[in-house]
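Input: a single structure, listed below in structure tokens.
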Amino acid sequence: MDDEPLKDWAERRDARIGRLRAVPAVPGDGPRASHLNPDAPRAIERWNGHAWELYGFAASLAEAQAILYPEANEPSPPGPVPKPLGSGTGKHRKPQAPRPDGGGRAQR
Numbered sequence: 001m002d003d004e005p006l007k008d009w010a011e012r013r014d015a016r017i018g019r020l021r022a023v024p025a026v027p028g029d030g031p032r033a034s035h036l037n038p039d040a041p042r043a044i045e046r047w048n049g050h051a052w053e054l055y056g057f058a059a060s061l062a063e064a065q066a067i068l069y070p071e072a073n074e075p076s077p078p079g080p081v082p083k084p085l086g087s088g089t090g091k092h093r094k095p096q097a098p099r100p101d102g103g104g105r106a107q108r
């Protein structure tokens, strides 16, 4: 039997507890894809380990995304600024014309 141990399954299930999702509040069996009705209100649901439960409401897709992804609204921490490429003859650079003094790479 190649079944997963119950302990591993329970850890994987518990890691998902608290996950949020936004469900468009459209009447009937209308389109439920988020990009089709960006101005439709959303029900924010939270996974409790067994079922999705109501967590809150959002007036639009943009407001729902702000609730679901709060880290996207935070400014990114200042990090090191990459240096521009310096002069040199790396393998990725355009080969230079041969020098008249015979310098440069030897031909094979």
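In the UniProt record's numbering, the protein residues as written are 1 to 108.
For every residue, glycine included, the Cβ atom is placed at its ideal position computed from N, Cα and C.
No experiment lies behind these values; they were computed from the predicted model shown.
With DSSP collapsed to three states, give me the class of P82. coil
7 Å Cβ shell around N48 - same chain, five flanking residues per side excluded: I17
Return the CA-CA distance between I67 and S87, expressed in angstroms with no decimal places. 47 Å
Does the distance from the C-beta atom of A25 to that of A51 stay below 8 Å? no
If you reduce the DSSP assignment to three classes, tell me which class L68 lands in. helix
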